[in-house]
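Accompanying notes for the structure given below.
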Amino acid sequence: MTQIAGSKEDLSSWDSFQWRRRMERFGENDQALMAVGPEGEAEGIWQVMAPFIYLYRESSQPLQPVRLYLEKFSLPGELTDEGRESTYALGRRLRHLYVDQLGFMPKIRSNTDDMYLRTTPIPRALESLQQTFWGMYPPEARTANFPPPTIVARSPAEETLYPNESNCHRFRQLARLFAQKAATKWNKTEDMEYLNSLWSKWMPSGSPVAVDSSPRLSGIMDTINSTLGHGPGTRLPVEFYDSKARELGDKIITDEWFSGYKESNEYRKLGIGALMGDIVDRMVHASVGGGWQPTTNGAGNGNGVVKFAISGCHDTTIAAILTSMGAFDGEKWPPYTSSIAVELFKATDHPHALRPGDILEELNVPDLESSASKAKTTGLMSKLFGGKSSPSPNFPQPSKVARSPTSDLPTPPLQKYYVRVRYNDQPMRIPGCATKPSNHLPGNDTFCTLEAFKKIADKFTPRNWHEECGKNLGGGMFVEGNDPAGY
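Using the UniProt record's numbering, count along the sequence shown one by one with no gaps and you end on 487.
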């Protein structure tokens, strides 16, 4: 492993510090033992700290713990070996599409000035981002003088790259209200009875499987899905892998966690609205502002107009965005290494009418705010999420375009730009765009006009996320109305 360390007593210089990690655990009588896997592995990129899962089984004795040894040992929140492989493969797919096929991004990279990399504070999100970038730009695709890329992060109190229950009081209240609604809806159903017929014998006494049981159904499903991805050494009892039970469990927990985004504009606004506002702002900058320059990019060559953004996020981020845009109807819980691409296109000026399949040209529009950046404009901004952090006097200052309503922007340019959302490489249909011909590309309703996309997102973009997290405290589920998503 590599970290940084101060190389002088006054910390005036820094250097890399490489080290090998070896995990230790409790043994019998609390003796210190080396943590190893089922085949005696002592070390690895990924190793799990807790040595076993506890399941409970009824017997003649009080609750008897059944120890299931995991395949490897790790610290909480880290990416597994399989996770590193799949996120690296995601990066290779991005390279194949945006570098090899479209020629949008360069084959060889000398810096990341035209990229925006962001992650949440969760270790596996950072590691996923690192692996994806490495897959897209492996060592042979970077010059010898390639500098360390900048990865943007926020403090947990200001994190909007996932639904932040811990630091948004009102959203936490809403999440609990919708969780209780799901418990009332599902706990006494035949579907839940079926789950209990298979799994209840492994649960603590007096705590049958339920939405709000201990462990919660969502936690059980998370464990099932995790063990499925990591070989026989992590397997639970066979009953947990019954196909019908997994289908029912997925349906119930997806409803519990994401129905709020379908039904409540306040839920959308506090859960994912700030992130959607950031994404839309960047696309607007690309269409009418000469390109978006992150206020966090102060170490580049000064031409830091972003063409490509990648963020390490979470399943709850992906489902929240899709559901809030009305594009997650009937979908299952996002599988591991799921991704969303939010892509911005500009229509070509061909003499014939627009047709699906036309090559959409790179953005090349004048900067309406500063003539100094006219020569810096690039285009076809392909986005996989992003965020922005607080301005500094030494960094580019935020633009007035940020969070501007559609009425304050020039409409014709917005209508010439199109937004497509791809979930795990599949184009998604946003109802507010697809149902009105003027809101999408002729012949292909998965391409929203930027104007229509922005109008939908604006409805649940908060003006001040921190402030609105403190409003309506103690209120019900629909204080701000019960509005369908995606319109």
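Even glycine gets a Cβ: it sits at the ideal position worked out from N, Cα and C. This one's a predicted model, so the numbers in the text were calculated from it and none came from an experiment.
Beta-carbon within less than 6 angstroms of residue i's beta-carbon, same chain only, minus the 5 sequence neighbours each way: which residues are those?
i: Ser214; result: Ser207
i: Ala157; result: Asn167
i: Ala175; result: Glu165
i: Met221; result: Gly249 and Ile253
i: Gly432; result: Ile456, Gly486 and Tyr487
i: Trp333; result: Asp250 and Thr254
i: Asn424; result: Ser338
i: Ser392; result: At Ser392 the pLDDT is 44, less than 50, meaning the model places this residue with poor confidence and gives no usable figure here.
i: Pro294; result: Tyr116
i: Pro121; result: Pro156
i: Ala452; result: Cys433 and Asn439
Find out if the Cβ-Cβ distance for the pair residue i, residue j is shorter than 9 angstroms.
i: Tyr194; j: Thr132; result: no
i: Ser86; j: Tyr336; result: yes
i: Leu117; j: Thr150; result: yes
i: Ala319; j: Phe308; result: no
i: Ile310; j: Arg422; result: no
i: Val306; j: Met115; result: yes
i: Val152; j: Ala182; result: no
i: Glu24; j: Gly83; result: no
i: His440; j: Tyr417; result: no
i: Gly260; j: Met477; result: yes
i: Gly326; j: Ile430; result: yes
i: Thr317; j: Pro163; result: yes
Which term fits residue i, buried or exposed, when burial requires 16 or more other beta carbons within 10 angstroms of its beta carbon?
i: Ser166; result: exposed
i: Ile253; result: buried
i: Gly486; result: buried
i: Lys262; result: buried
i: Ser218; result: buried
i: Val238; result: exposed
i: Lys244; result: exposed
i: Phe258; result: buried
i: Ala32; result: exposed
i: Ile272; result: buried
What's the gap between the Cα of residue i and the Cα of residue j?
i: Cys448; j: Met34; result: 55 angstroms
i: Ser226; j: Pro232; result: 12 angstroms
i: Gly300; j: Asp113; result: Unreliable placement is indicated for Gly300, whose pLDDT of 43 sits below 50; the coordinate value is still reported in the next sentence. Using only the alpha carbons, I get a separation of about 6 angstroms.
i: His96; j: Ser155; result: 34 angstroms
i: Ile321; j: Pro405; result: 20 angstroms
i: Pro148; j: Lys185; result: 51 angstroms
i: Asp30; j: Leu79; result: 28 angstroms
i: Thr323; j: Lys269; result: 12 angstroms
i: Gly91; j: Trp134; result: 7 angstroms
i: Leu450; j: Met276; result: 13 angstroms
i: Glu467; j: Leu177; result: 21 angstroms
i: Ser200; j: Glu28; result: 30 angstroms
i: Asn111; j: Arg93; result: 20 angstroms
i: Gly40; j: Asn196; result: 36 angstroms
i: Thr435; j: Pro139; result: 46 angstroms
i: Gln101; j: Trp465; result: 39 angstroms
Near residue i, what residues of its chain come up, given a Cβ to Cβ distance below 8 angstroms and the 5 sequence neighbours on each side ignored?
i: Arg109; result: Tyr137, Ala141, Arg142, Thr143 and Phe146
i: Ile224; result: Leu236, Phe240, Tyr241, Arg246 and Gly249
i: Arg463; result: Arg403
i: Lys383; result: Here Lys383 scores only 34 on pLDDT, less than 50, and its place in the model should not be relied on; the value that follows carries that caveat. Cβ neighbours of Lys383 beyond the five flanking positions: Ile279, Arg282, Met283, Phe308, Ala309, Ala341, Val342, Glu343 and Leu344.
i: Leu198; result: Glu239, Phe240, Asp242 and Ala245
i: Asp191; result: Leu248, Lys251 and Ile252
i: Leu473; result: His169, Arg170 and Gln173
Classify residue i as helix, strand or coil using the three-state DSSP reduction.
i: Phe146; result: coil
i: Asn225; result: helix
i: Thr449; result: strand
i: Phe171; result: helix
i: Val280; result: helix
i: Lys176; result: In the sequence as displayed, the identity of residue 176 is Arg instead of Lys. Here Arg176 sits in helix by DSSP.
i: Glu480; result: coil
i: Tyr261; result: helix
i: Ile310; result: strand
i: Trp14; result: strand
i: Tyr162; result: coil
i: Val152; result: strand
i: Val305; result: coil
i: Pro427; result: strand
i: Asn439; result: helix
i: Tyr487; result: coil
i: Arg25; result: strand
i: Phe240; result: helix
Can you list, in chain order, the residues of its chain with a C-beta nearer than 7 angstroms to that of residue i? Leave out the 5 residues immediately preceding and following it.
i: Lys471; result: Arg170
i: Asn265; result: Lys459, Phe460, Glu480, Gly481 and Asp483
i: Lys107; result: Val99 and Ala141
i: Thr119; result: Ala125, Leu126, Leu129, Ile151, Ala153, Ser311 and Gly312
Taking 9 angstroms as the CB-CB limit, is residue i close to chain D?
i: Met477; result: Absent from the structure is chain D; it holds one protein chain and no more.
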